[in-house]
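Residue numbers (mature numbering (1 follows the signal peptide of the UniProt record, and there is no 0)): -28 to -1, 1 to 120. Using N, Cα and C, we set each Cβ at its ideal position, and we do this for glycine too. A short worksheet on the structure shown next.
Right under this line is the structure:
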């Protein structure tokens, strides 16, 4: 092989690798960036239409440092197991506040009609966009979340 053939082959290989590196995460990102739309009913009976719904919580690292988490799934406890139920599968969530500062009990109904009773694994909130701006709804102050 001569020098120009080697340079040409290296250039083609570099282009292919760059395409894989750029295309790979973009494909995965598209799937995880699915937008969810829900109606949240709080404990006062007020309905809020929320677009681009996420489940949000902050993990405390130290006294002054927190790591934010934005998820498109609901982490719940079933016995000693933590189950992460994806928004894709959920029809609606009924929440029952515990009243003592612990995360609420939830009944989750899946799109296929199956239901399960759980305890919310993390005291988080549901965030998204309403017609009036960004909204944050603490899970402990909700009665129901219905996905559209």
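query, result
"In whole angstroms, what is the alpha-carbon distance linking residue 34 and residue 10?", "34 Å"
"Roughly how many angstroms lie between the CA atoms of residue 90 and residue 115, to the nearest whole one?", "15 Å"
"Are the segment 21 to 28 and the segment 93 to 106 touching, with three or more C-beta to C-beta distances below 8 Å?", "yes"
"Cα separation between residue 53 and residue 106?", "33 Å"
"When burial is assigned at 16 or more other CB atoms within 10 Å of the CB, is residue 83 buried or exposed?", "exposed"
"Based on Cα-Cα distance, which residue from 19, 43, 119 and 86 lies nearest to residue 113?", "19"
"Quick one: give me the first and last residue of the beta strand (DSSP E) that residue 100 is part of.", "97 to 102"
"Please classify residue -8: does DSSP put it in a helix, a strand, or coil?", "Model confidence at residue -8 stands at a pLDDT of 45, short of 50, so the residue's coordinates are unreliable; what they give is reported in the following sentence. The answer is helix: DSSP assigns residue -8 an H, G or I state."
"I'd like to confirm something about residue 31: is its beta-carbon nearer than 6 Å to some heavy atom of the ligand ZN, or not?", "Because no ligand of any kind appears in the structure shown, any question about the ligand ZN cannot be addressed here."
"Cβ of residue 58 within 7 Å of Cβ of residue 45?", "yes"
"Reducing DSSP to helix, strand and coil, say where residue 61 ends up.", "helix"
"Taking the beta strand (DSSP E) that residue 19 belongs to, which residues open and close that run?", "19 to 32"
"Return yes when the Cβ of residue 75 is within less than 7 Å of the Cβ of residue 92, no when it is not.", "yes"
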